[in-house]
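This report concerns only the one structure given below.
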Amino acid sequence: MAVQSGTPSAPVISARSSEVTDIYKQGIVAGVIGAATVAIWFFIIDVFSGRPFYTPNVLGTALFRHGSGLNQPHALAISLEIVLVYTWVHGMAFCVIGGFASKLLALAERNLNLGFGIVLLFVIFEFGFVGAAFIFAEPILQVLAWPAVLVGNLLAATAMAGYFWRHHRNLTIAP
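No gaps in the numbering here: position 25 of the sequence shown is 59 in this note's numbering, and each next residue is one more.
In structure tokens form, the structure reads like this:
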């Protein structure tokens, strides 16, 4: 009785699994880079304003305490718990966005016609974020300077794009 070893399907499965793992690993790393960029940007702004951790405290208060205390934002005490939990949620959201972006870039590498659509989706996402912030988070934008939010978002997008560019140098966009 002969036993056949090394069937051709086994390497394909492990190669495919490794490729998927790399895609999502890149997404998580890009998300951490984006979240860290925003966190550092606002930490610098907060330090120069004389109120370290003010921004994540305000955003965490709006998210977890439904804005309780934001009617007098300058009197809002910094809560390390709120800052840490908000920072964790913010980082996880960026990791999800990074994973999604990484998957889209992997698809665009296989199909050149998808590249332009992904760029368009990115632009719509950026403007959608800013538009949604103006519509739904208007009280927060009164407390935080909206140009700082816009610049922080663009810095994060640039940092993430730089990371992805290093890992997808062969990506070509054909409209």
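Idealized CB from N, CA, C, for every residue including glycine. Given the structure is predicted, the values throughout are model-derived calculations rather than measurements.
Residue i: first and last residue of the uninterrupted alpha helix (DSSP H) it sits in
i      : result
THR89  : 88 to 98
ALA200 : The sequence as given places Arg at residue 200; Ala does not occur at that position. Where ARG200 is concerned, the enclosing alpha helix (DSSP H) stretches over 180 to 201.
ILE211 : Summary: the structure shown does not reach residue 211, with the chain confined to residues 35 through 209, and so no result is reported for it.
Any non-hydrogen atom of the ligand GTP closer than 7 angstroms to residue i Cβ
i      : result
MET126 : The ligand GTP is absent from the structure shown, which contains no ligands of any kind.
Distance between beta carbons of residue j and residue i, contact taken as under 8 angstroms
i      : j      : result
PHE128 : GLY68  : 5 angstroms
ALA167 : VAL183 : 6 angstroms
ILE116 : GLY94  : 4 angstroms
LEU178 : VAL92  : 6 angstroms
VAL119 : PHE98  : 7 angstroms
PHE198 : LEU139 : 6 angstroms
VAL66  : GLY125 : 7 angstroms
Residue environment, residue i, which counts as buried when at least 16 other CB atoms sit within 10 Å
i      : result
THR192 : exposed
ALA142 : buried
SER48  : Interpretation of SER48 is limited by its pLDDT of 48, a score under 50 that renders its predicted location unreliable; the figure taken from the coordinates is listed afterwards. Flag for SER48 reads exposed.
ASP80  : buried
SER136 : buried
PRO8   : Limits of the chain in this structure are 35 at one end and 209 at the other, which puts residue 8 out of reach.
ALA109 : exposed
GLY196 : exposed
THR71  : buried
ALA190 : buried
ALA96  : buried
THR206 : exposed
How about the region 118 to 137 and the region 55 to 64: do they share at least three Cβ pairs that are nearer than 8 angstroms?
yes
Does the region 75 to 84 touch the region 139 to 148, meaning 3 or more C-beta pairs lie closer than 8 angstroms?
no
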